[in-house]
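Heads up: the sequence shown begins at 0 in numbering that gives the first Met the number 0, then just goes up one per residue.
Even glycine gets a Cβ: it sits at the ideal position worked out from N, Cα and C.
Everything numeric in this text was worked out from a predicted model, so none of it was measured.
Report on one structure; see the data block that follows.
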Amino acid sequence: MKTFITVLIALLLAPVASARLDPGAPVPRDARIAAAEFVAGHPVSITCEPLDRMPPAVLAFVFLDDSYVIHLGPYACEALKDPTSPIFGAGLLVLAHEAEHLAGLVNESAANCAAIRDVEFLAQRFWRVENQNVQGSAQRLYGMTPDNYRQCG
Ligand SMILES: [Zn+2]
0 MKTFITVLIA LLLAPVASAR LDPGAPVPRD ARIAAAEFVA GHPVSITCEP LDRMPPAVLA
60 FVFLDDSYVI HLGPYACEAL KDPTSPIFGA GLLVLAHEAE HLAGLVNESA ANCAAIRDVE
120 FLAQRFWRVE NQNVQGSAQR LYGMTPDNYR QCG
C-alpha cells in the first residue's frame with residue numbers, strides 16, 4: 000500500500016513583486032528536475048497533474064515508494080514555468096518540499112522546514128535567479144501552511 004503524502008495548502012496567494020532573471024547564464028533544459036534531483040539525492044521525474052486529479056487544497060504529492068515521481072498540481076506547475084513569475088518562489092517551495100520527502104524526510108515539518116531553506120539556493124543554482132522576491136514568495140506560502148508544517152527545530 001502506498002503512503003500518500005500531501006502538501007495541504009490553501010490556494011490563496013497574492014502576487015509579490017516579480018523576480019528578475021539574471022541574463023547570461025544558461026537555464027538547464029529542465030531546471031525543475033535538476034533541482035528536485037539535487038534535493039532528493041537520486042533521479043526523480045515530475046508530472047503535472049490536472050486539477051481534477053488533485054485532492055482539494057493539495058498543491059503536490061508524492062508516494063513513498065520507489066517510483067520517485069513528484070506530482071505537481073496546476074498551481075505549482077504553472078508557478079515553476081517562469082522564474083520571473085511573482086509566484087515562482089512558492090512553486091519552488093512546493094517542489095523542494097516534495098523532493099525532501101523523496102530524500103527521506105517523511106515528516107511534514109521536517110520536509111517543509113528543509114524546503115524553505117532550499118528555495119534561495121535552488122533558485123540561484125538551477126534558474127540563475129537571485130532576487131529576494133523569490134524567497135518572499137516562498138515565505139508567503141510557507142506562512143500559510145498548517146502549524147504542523149512549520150515546527151522547525
Ligand atoms: Zn509533504
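So residue i is in the beta strand (DSSP E); what residue range does that whole segment cover?
i	result
I115	Premise fails: I115 lies in the alpha helix (DSSP H), 107-126, not in any beta strand (DSSP E).
Taking the alpha-carbon positions, what's the residue i to residue j distance?
i	j	result
R149	L58	17 Å
C151	A33	26 Å
S108	N147	6 Å
N155	E97	A query on residue 155 cannot be resolved here, the shown segment of the chain reaching from 0 to 152 and no further.
C76	R127	19 Å
V61	D29	19 Å
Buried or exposed: where does residue i fall if 16 or more other Cβ atoms within 10 Å of its Cβ makes it buried?
i	result
T144	buried
V93	buried
L63	exposed
E99	buried
V133	buried
T66	One point to set straight first is that residue 66 is Ser, not Thr, in the sequence displayed. The residue in question, S66, is exposed, as its Cβ has fewer than 16 Cβ neighbours within 10 Å.
S44	exposed
Going by DSSP, what residue range makes up the alpha helix (DSSP H) through residue i?
i	result
Q150	It is not in any alpha helix (DSSP H) - Q150 carries neither H nor E in the DSSP assignment.
L140	131-143
(request) Would you list, in sequence order, the uninterrupted alpha helix (DSSP H) runs of no fewer than 4 residues that lie entirely inside the region 25-91? (result) 30-39, 73-78
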